[in-house]
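Sequence order for the protein chains is A and B.
Quick note on numbering: my numbering labels position 44 of the first sequence as 32, and the sequence is numbered without any gaps.
Whatever position you read off the second sequence (first residue = 1), add 430 for my numbering.
A virtual CB, placed ideally from N, CA and C, is assigned to each residue, including glycine.
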Amino acid sequence: MSCEIDGCHKEKISKFCSRHELAKENIEKEFSKWQIAFGSSYTMVEYLTELIENEDLNSGMWVKDIAEYILETKNDEN
Amino acid sequence: MQTELVKKYKIGFPGDYLKSPYMLGIAEKPTAAKRIASTLGVKSEKITVPVIRLINNKKTELPSIDIYRIEVENQSMAIFIIPALGHLFTLVQDGLGWQYPVYDFKWEANHLTRRRNKEETKFDQRIEATIEVLRKVIKKSKKNIVMTDYDEEGEVIGGIIISQLVGDKELSKACRMKFSSFSKKELQSSFSEALSNGGINKGMYQRGLMRHYLDWLWGINLSRALMLSLKNTSGQYSTLSTGRVQGPTLSFISLRQKEIESFVPIPFFKLFVSLDIDGITPIEYDRGVIKSQKEAIKVVTKIKGEEAEVKEIKSRSRKDAPPPPFNLSSLQNDAYRYHRINPSRTLQAAENLYLDAAISYPRTSSERYPDGINHQDIISKLSKNPGFAKITKKILAKKKLNPIVGKKQDPAHPCIYPTGGKPRNLKGDNEKIYALIVHRYLSTFGEDAEVQINRINFEIKQEKFHITGRRTLKKGWRELAGTYGQSEDKELPNLEVDMKFKVDSASQETTYSRPPPYYNQSSLLKKMEEQGIGTKATRSEIIKSLFDRKFLDGNQIEITPVGDIINEVLTKYSPQVLSVELSRNLEKMGDLIEETINEEKSEEEAFTLSDALVQGVSYLHNMLGDIQSNESQVGSLISTQLTIQRKNETEISKCISCKDGMLKIIHNSATGKRFVGCTEYFNNQNCTITFPLPQRGKIIKTDGICKIDSYPVITIITGRKPWSLCLHPTCPSNEMLKKSDKKSKTTEESEVKTSVAKPTSESKSSTKTTRSIPKKTTKKTTKKKTEKTTTKPTKKTTRRKSN
């Protein structure tokens, strides 16, 4: 079974490999700090879009992968 | 039936040199032998010794070996100085079979190991000839003197030559010259000491042997375990390796990369406020940053258009002591910091300077000068160099020379310092490293530098701000450090308490936390040192070998997919291999061996080389067991990653002809040539399109498409500069490159060699033309033309600047 994001066969924790799982945890953990920064009305979609698109941010590559995946999954669900 | 080979050597010593009694000196390398001979001998003669190898009467002329015959004051016997070429003997498996575990090993002449299954090189022949000359001379030598560098490696190089050629008994009788520079005085005194009471340093020798044995056992067994897991699981072969220091070092890079790639930036807000004081003066917010934008805006609104009041003016002075003299680590750090010279290049340059008798021995961890060093003499000699004349004049004017030293000590060598000897051919890295060493040396004679740190505190509507400045009160040692001691002053405006100033502007800006920087060679070296793995002499070599094996890449070091998978399987299945603690413990065992010998410990307290081997092998045995019991998982993880990586490296793009297959780099196993073909060819020859490729250089696929014919563009790296090539052999863009190059030749001096492939039907051969490619600095017209096929190589990871 490979990671749903890049198809790698590295150790899997959930549907992602350990690396993408780590990135996902970090994304979830830090969201509250972004809400403190920009207010409680700041949404997850805004947050993820910023992580992907803002080049000055230095978001990690696995973080961008996960952010894209979550956004795409959300779009598909809608 | 195999006939036995009869091997003989004819060593052509001229005259009767070997008939009168003589001594033998073994130097580490030819340059060192030459330097010792010319410095130590009152009479020195270079002898070129021809060596002929006869195997079953078949003659092969090996390279002649330059040795030196010197006569030394008050010595009746002449001394032959013969240079080794680093290690003349190496460890090999004792017995047959490519399996693991392997615990039996022996020393073997290095050329035999090097040329096993390979064609003989000139270097192999030089090693062979050197060994045979040594064998001949050592037989009748009255005394053997080890003249190699005085460190663990030097002790093993010299010790093993004697032990292998004439046995351990002779080794115990051998003399040892212990010197830290090639100055005449030091060589003379170390020579007399060696003859009177100086045998080899047994502690250092045994410690060196322990390192060699354990590193060999670690390396061969763990590497084989990885490769055999791969082979037994998938039938694939790939050269994989790991080792005692290599494993943990690779893991540092992997962990850092993990932090960077899973990094989520945190926003915070910075205030930008300036006051109208003799123009615009920016001030800083005491709280630094604000976590919430709303709050930041609130502060800005509050202070805008208001007045700032000076509440306090503070100043304090600070003393900066001169830095201690260089040891190898601090030299490598500063060389990277000031000149971006990586650690292995720094070591190389320092060794060149040492062999040139311009500096003391560089492989040292000491920050202390040797007893009896004559600073007056060294500085006087340095003063003759116009570049240092001004600084040295200041130092020589002092009544007493009292340099600062650091805490670190090294039992074998003092710190790195210039000897005062004039280096020859001082250019490139050597020049920069020499300047760095001399300036650091001279700085140690300086007094403390003194700076005044000034601070003015402001208040605007209860919000606190400040500005800081610094002023040099006394340059002290910085004056002696040349460009390496510069520090800039920042003057503050002349203000008094209660003065008020209008806020000129106030705004807030969002900034984000940054990921940790990638390691570079210098910071990686520092990390290894902090963690206590490897030695000053081996660390830069380990880093280099990780690069050579393509486990690491780039100036901002990243782990490659192959390096990554090795690290991952070891993390999962045999984490001990990556353990810093374990590697450090093994280094400590070396200390114990040395202590046992130096302090002549009793049998009960003793820790011997055999103890270290038993302990080391037991660690290793467990690790190998871990890998073996998970062989199929280890093998399949490596195999999957290798397959993906190989596919990524060879598949260029979708086939532009059939649109079904992939264009792929194919190697013709019969001719060894490479070309691009479609994968559909292997499917009943559905697509037969092929393109020729240049046969030399590294090919990197790109995302680029040629603007003229939409064929894929690849990048070729030959020599130092990459160049782009449209796959279509007759594409005008390739022609344009050619023309623009002709033009650029008239404007540029430097040339880069490159090849352009021509169309072939079979794709088995390609024609090569040599031309130059314009540099980035060429005229605009040239640039425009070359842009047609200029693309960037595909890179999986996003690169960032390090902080």
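- Sub-8 Å separation of B:L1234 and B:S759 beta-carbons: Given that chain B is displayed from residue 431 to residue 1233, the structure contains no residue 1234 of chain B and the question cannot be resolved.
- Message: What are the residues in the region 9 to 21 of chain A lying within 7 Å of chain B by C-beta distance?
- Response: L10, A11, N14, I15, E18 and K21
- Task: List in chain order: all unbroken alpha helix (DSSP H) runs of 4+ residues lying wholly within the region 761 to 830 of chain B.
- Result: 773 to 785, 805 to 812 and 816 to 826
- Message: Closer than 9 Å between beta carbons: that is the criterion. Which residues of the region 673 to 700 of chain B meet it against chain A?
- Response: K688, E689, I690, E691, S692, F693, V694, P695, I696, P697, F698 and F699
- How would you label B:K1175, buried or exposed, when you count the other beta carbons within 10 angstroms and need 16 or more for buried? The sequence position of residue 1175 of chain B within the second sequence is 745, counting from 1. At B:K1175, the pLDDT of 43 sits below 50, so the modelled position is not reliable and the matter cannot be decided from this model.
- Item | Pairwise C-alpha distance: B:A726 and B:I720 | Here the question's residue 720 of chain B lines up with position 290 in the second sequence. Here the question's residue 726 of chain B lines up with position 296 in the second sequence. Roughly 6 Å separates the two Cα atoms.
- Task: Leaving out five residues on either side along the sequence, give the residues of the same chain with a beta carbon under 7 Å from the beta carbon of B:R565.
- Result: Residue numbering aside, residue 565 of chain B sits at position 135 when the second sequence is read from its first letter. Here the set comprises L595.
- Task: Keeping to the same chain, check which residues put their C-beta closer than 7 Å to that of A:F4; ignore five residues upstream and five downstream.
- Result: Translated into positions along the first sequence, residue 4 of chain A becomes position 16. Once the five neighbours on either side are set aside, the close Cβ partners of A:F4 are C(-9), E(-8), I(-7) and K12.
- Near B:Y1111, which residues of its chain fall below 7 Å by C-beta distance, leaving aside the five closest residues on each side in sequence? One-based indexing of the second sequence puts residue 1111 of chain B at position 681. Only C1117 and T1118 meet the Cβ criterion.
- Quick one, which of B:V729, B:L785 and B:D878 has its alpha-carbon nearest B:R465's? Residue 465 of chain B sits at position 35 when you count from the first residue of the second sequence. Measuring from the Cα of B:R465, the nearest candidate turns out to be B:L785.
- Query: Any chance the region 510 to 528 of chain B sits against the region 586 to 593 of chain B, with 3 or more Cβ pairs inside 8 Å?
  - Reply: yes
- Listed from N- to C-terminal order along the chain, which residues in the region 920 to 948 of chain B have their beta-carbon within a distance smaller than 7 Å of any beta-carbon of chain A? Y942, R944 and P945
- Give the interface partners of B:S722 over in chain A, defined as CB-CB distance under 9 Å, in chain order. Counting from one through the second sequence, the residue named residue 722 of chain B turns up at place 292. Result: I24, A25, F26 and G27.
- Task: Closer than 9 Å by beta-carbon distance: list the chain B residues that pair up with A:L39, in chain order.
- Result: Sequence index remark: in the first sequence, residue 39 of chain A carries index 51 (1-based). Here the neighbours are V694 and P695.
- Query: Would you call B:Y766 buried or exposed, if buried means 16 or more other Cβ atoms sit within 10 Å of its Cβ?
  - Reply: Counting from 1 along the second sequence, the entry for residue 766 of chain B is found at position 336. Classification for B:Y766: buried.
- Message: On the DSSP letters alone, give me the boundaries of the beta strand (DSSP E) that A:E(-8) sits inside.
- Response: Along the first sequence, read from residue 1 onward, the residue named residue -8 of chain A stands at position 4. Premise fails: A:E(-8) is in no beta strand (DSSP E) and is neither H nor E.
- Item | chain A within 8 Å of B:S1232, Cβ atoms only | Residue numbering aside, residue 1232 of chain B sits at position 802 when the second sequence is read from its first letter. Note that B:S1232 scores 33 on pLDDT, short of 50, meaning its location in the model is unreliable; the coordinates nonetheless yield the value given after this. No, B:S1232 lies away from the interface with chain A (no Cβ there is under 8 Å from its Cβ).
- Query: If you count every other CB in all the chains shown that lies within 10 Å of the CB of B:A827, and 16 or more means buried, which is it?
  - Reply: To locate residue 827 of chain B, count along the second sequence from 1; it is residue 397. The residue is exposed, with fewer than 16 neighbouring Cβ atoms inside 10 Å.
- Item | Environment of B:P816 [buried if 16+ CB atoms lie within 10 Å] | As a working mapping, residue 816 of chain B is identified with position 386 in the second sequence. Exposed.
- Query: Buried or exposed: B:I883, going by 16 or more other Cβ atoms within 10 Å of its Cβ?
  - Reply: The count along the second sequence starts at 1 and reaches residue 883 of chain B at position 453. With fewer than 16 other Cβ atoms within 10 Å, it is exposed.
- Task: Find out if the Cβ-Cβ distance for the pair B:L1067, B:I972 is shorter than 8 Å.
- Result: Residue 1067 of chain B sits at position 637 when you count from the first residue of the second sequence. Residue 972 of chain B sits at position 542 when you count from the first residue of the second sequence. It is not a contact, given that the beta carbons lie outside the stated cut-off.
- Query: Cα separation between B:H1051 and B:K852?
  - Reply: Taking the second sequence and counting its residues from 1, the one referred to as residue 1051 of chain B is at position 621. Taking the second sequence and counting its residues from 1, the one referred to as residue 852 of chain B is at position 422. Approximately 53 Å, taken between the alpha carbons.
- Task: Quick one: residues in its chain with C-beta nearer than 7 Å to the C-beta of B:L922, no 5 flanking neighbours on either side, listed in chain order?
- Result: Within the second sequence, the letter at position 492 stands for residue 922 of chain B. These residues qualify, in order along the chain: N884, I886, I897 and G899.
- Message: What would DSSP say about B:S1180, mapped onto helix, strand or coil?
- Response: Position 750 of the second sequence, counted from the first residue, corresponds to residue 1180 of chain B. Low per-residue confidence applies at B:S1180: pLDDT is 32, beneath 50, and the placement is therefore not dependable, though the value from the model is reported in the following sentence. In the structure shown, B:S1180 sits in coil (DSSP, three-state: anything other than H, G, I, E or B).
- Item | Sequence-distant residues of its chain with Cβ nearer than 8 Å to B:P1223 (five each side left out) | Reading the second sequence from its first residue, position 793 is the one you call residue 1223 of chain B. Any reading at B:P1223 must be qualified, since the residue scores a pLDDT of 36, below 50, and its modelled position is unreliable; no value is offered.
- Item | 8 Å Cβ cutoff met for B:I497 and B:E491 | Here residue 497 of chain B refers to the residue found at position 67 when the second sequence is read from its first residue. Here residue 491 of chain B refers to the residue found at position 61 when the second sequence is read from its first residue. No. Outside cutoff.
- Message: Spatial neighbours of B:G445 within its chain, please: C-beta separation below 8 Å, excluding the five flanking residues on both sides.
- Response: Counting from one through the second sequence, the residue named residue 445 of chain B turns up at place 15. Closer than 8 Å at Cβ, skipping near neighbours: no residue.
- Task: Flag A:V33 as yes if its beta-carbon sits less than 8 Å from any beta-carbon of chain B, otherwise no.
- Result: Here residue 33 of chain A corresponds to residue number 45 of the first sequence, with the count starting at 1. Output row for A:V33: interface = no.
- Task: Any chance you could list the alpha helix (DSSP H) runs of at least 4 consecutive residues sitting entirely within the region 532 to 560 of chain B, in chain order?
- Result: 540 to 544
- Sheet register partners of B:V1097 (DSSP bridge): On the second sequence, position 667 is the one that residue 1097 of chain B refers to. According to the sequence shown, residue 1097 of chain B is His rather than Val. DSSP output for B:H1097 lists B:R1104 as bridge partner(s).
- How would you list, in chain order, the residues of chain B whose beta-carbon sits under 7 Å from the beta-carbon of A:L45? Locating residue 45 of chain A in the first sequence gives position 57, counting from the first residue. Here the neighbours are P695 and Y942.
- Along the alpha helix (DSSP H) that carries A:V33, what are the first and last residues, could you check? In the first sequence, residue 33 of chain A corresponds to position 45, counting from 1. M32 to E41 is the span of the alpha helix (DSSP H), which, as asked, contains A:V33.
- Message: Quick check on B:P755: buried or exposed, where buried means 16 or more other Cβ atoms within 10 Å of its Cβ?
- Response: Here residue 755 of chain B is taken as the residue at index 325 of the second sequence, counted from 1. Burial call: buried.
- Query: Where in the region 953 to 1016 of chain B do unbroken runs of the beta strand (DSSP E), each at least 3 residues long, occur, reported from the N-terminal end onward?
  - Reply: none
- Query: Can B:V694 be considered in contact with the ligand FAD, in the sense that its beta carbon sits closer than 7 Å to one or more heavy atoms?
  - Reply: In the structure on display, the ligand FAD does not appear, and there are no ligands present to speak of.
- Which residues in the same chain as A:N14 place their Cβ atom closer than 7 Å to its Cβ, once the five residues preceding and following it in sequence are excluded? Within the first sequence, numbered from 1, the residue matching residue 14 of chain A stands at position 26. So the list reads V51, once near-sequence residues are dropped.
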